[in-house]
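Comments concern the structure below.
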Amino acid sequence: MKLVEEAARKRGLASKRMTSGAGHDAQMIARIAPAAMIFVPSIGGISHNPREHTPDADLVAGANILLDVTATLAAP
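So the sequence shown is numbered by this note's numbering: it starts at 5 and just counts up by one.
Structure follows, in C-alpha coordinates:
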(Lines of atoms letter the chains of each structure in order from A; the text may use other names.)
(Lines give C-alpha, C1' and ligand atoms only; values in the text may rest on other atoms or scores of the structure.)
Protein backbone atom coordinates (compact mmCIF):
# COMPACT_ATOMS: atom_id res chain seq x y z
CA MET A 5 0.00 0.00 0.00
CA LYS A 6 2.89 2.33 0.68
CA LEU A 7 4.03 2.10 -2.95
CA VAL A 8 0.54 2.99 -4.17
CA GLU A 9 0.31 5.92 -1.75
CA GLU A 10 3.76 7.19 -2.76
CA ALA A 11 2.94 6.92 -6.47
CA ALA A 12 -0.26 8.92 -5.92
CA ARG A 13 1.58 11.54 -3.88
CA LYS A 14 4.24 11.98 -6.59
CA ARG A 15 1.47 12.62 -9.12
CA GLY A 16 -0.33 15.07 -6.84
CA LEU A 17 -3.25 12.71 -6.32
CA ALA A 18 -5.08 11.92 -3.11
CA SER A 19 -5.10 8.42 -1.70
CA LYS A 20 -7.15 6.76 0.99
CA ARG A 21 -6.77 3.37 2.62
CA MET A 22 -9.98 1.39 2.34
CA THR A 23 -11.19 -2.06 3.26
CA SER A 24 -13.03 -3.76 0.42
CA GLY A 25 -15.76 -6.20 1.33
CA ALA A 26 -15.92 -7.53 -2.20
CA GLY A 27 -14.05 -10.67 -3.19
CA HIS A 28 -11.14 -9.87 -5.48
CA ASP A 29 -8.10 -11.78 -6.73
CA ALA A 30 -6.05 -9.78 -4.23
CA GLN A 31 -7.61 -11.84 -1.43
CA MET A 32 -6.10 -15.00 -2.85
CA ILE A 33 -2.74 -13.46 -3.76
CA ALA A 34 -2.41 -11.90 -0.30
CA ARG A 35 -2.05 -15.40 1.12
CA ILE A 36 1.34 -15.77 -0.59
CA ALA A 37 2.50 -12.23 -1.44
CA PRO A 38 1.81 -8.62 -0.52
CA ALA A 39 -1.17 -7.25 -2.43
CA ALA A 40 -2.96 -3.94 -2.85
CA MET A 41 -5.77 -2.67 -5.03
CA ILE A 42 -6.10 0.68 -6.76
CA PHE A 43 -9.65 2.01 -6.73
CA VAL A 44 -10.80 4.98 -8.81
CA PRO A 45 -13.92 6.96 -7.91
CA SER A 46 -17.19 6.34 -9.71
CA ILE A 47 -19.73 9.12 -10.06
CA GLY A 48 -22.18 8.93 -7.18
CA GLY A 49 -20.24 6.06 -5.63
CA ILE A 50 -22.14 3.59 -7.84
CA SER A 51 -20.23 0.37 -8.51
CA HIS A 52 -20.98 -3.08 -9.89
CA ASN A 53 -24.03 -1.62 -11.62
CA PRO A 54 -24.82 -0.74 -15.25
CA ARG A 55 -25.09 2.93 -14.17
CA GLU A 56 -21.50 2.93 -12.89
CA HIS A 57 -19.39 5.59 -14.61
CA THR A 58 -15.87 6.83 -13.99
CA PRO A 59 -14.52 9.79 -15.97
CA ASP A 60 -11.66 8.98 -18.35
CA ALA A 61 -9.27 11.25 -16.43
CA ASP A 62 -9.79 9.19 -13.27
CA LEU A 63 -9.26 5.94 -15.18
CA VAL A 64 -6.01 7.31 -16.64
CA ALA A 65 -4.88 8.44 -13.18
CA GLY A 66 -5.48 4.95 -11.77
CA ALA A 67 -3.66 3.33 -14.69
CA ASN A 68 -0.72 5.68 -14.19
CA ILE A 69 -0.51 4.73 -10.52
CA LEU A 70 -0.42 1.06 -11.54
CA LEU A 71 2.30 1.86 -14.11
CA ASP A 72 4.38 3.72 -11.53
CA VAL A 73 4.10 0.97 -8.92
CA THR A 74 4.95 -1.70 -11.49
CA ALA A 75 7.99 0.28 -12.66
CA THR A 76 9.15 0.69 -9.06
CA LEU A 77 8.83 -3.03 -8.39
CA ALA A 78 10.64 -3.91 -11.63
CA ALA A 79 13.55 -1.53 -11.06
CA PRO A 80 16.87 -3.17 -10.18
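Think of the CB as a built atom: it goes at the ideal place given N, C-alpha and C, for glycine as much as any other residue.
Legend entry - Closest by C-alpha distance to H42, when choosing among P80, R35, T74, A79: Counting from 1 along the sequence shown, the entry for residue 42 is found at position 38. In the sequence under discussion, the amino acid at residue 42 is Ile, which differs from the His named in the question. Nearest option by C-alpha distance: T74.
Inset, instruction - For V8, count neighbouring C-beta atoms within 10 Å of its own C-beta (all shown protein chains included) and say buried if the count is 16 or more, exposed if not. - result: By 1-based counting over the sequence shown, the position of residue 8 is 4. By the 10 Å Cβ count, V8 comes out buried.
Legend entry - Cβ pair A18, D72 closer than 9 Å: As a first step, residue 18 must be located in the sequence shown, where it is residue number 14. As a first step, residue 72 must be located in the sequence shown, where it is residue number 68. Cβ atoms of A18 and D72: not closer than 9 Å.
Inset, instruction - Quick one: measure Cβ to Cβ for R21 and M5, integer angstroms, because I've assumed they're closer than 8 Å. - result: As a position in the sequence shown, residue 21 is number 17, starting the count at 1. As a position in the sequence shown, residue 5 is number 1, starting the count at 1. Indeed they touch by this definition, with Cβ atoms about 6 Å apart.
Inset, instruction - Could you tell me which of A40, E56, P38 sits nearest to S46, measuring between CA atoms? - result: Looking up residue 46 in the sequence shown gives position 42. Nearest C-alpha to S46: E56.
Legend entry - For A26 and V44, believed in contact at Cβ under 8 Å, the rounded distance: Position 40 of the sequence shown, counting from 1, holds the residue named residue 44. Position 22 of the sequence shown, counting from 1, holds the residue named residue 26. At roughly 15 Å, the Cβ-Cβ gap does not stay under 8 Å, so V44 and A26 are not in contact.
Legend entry - A37 beta carbon less than 9 Å from that of Q31: Position 27 of the sequence shown, counting from 1, holds the residue named residue 31. Position 33 of the sequence shown, counting from 1, holds the residue named residue 37. No, the pair does not count as a contact, with Cβ atoms beyond the cut-off.
Legend entry - Inter-residue Cα distance where the pair is D60 and H52: Residue numbering aside, residue 60 sits at position 56 when the sequence shown is read from its first letter. Residue numbering aside, residue 52 sits at position 48 when the sequence shown is read from its first letter. D60 and H52: Cα-Cα distance of roughly 17 Å.
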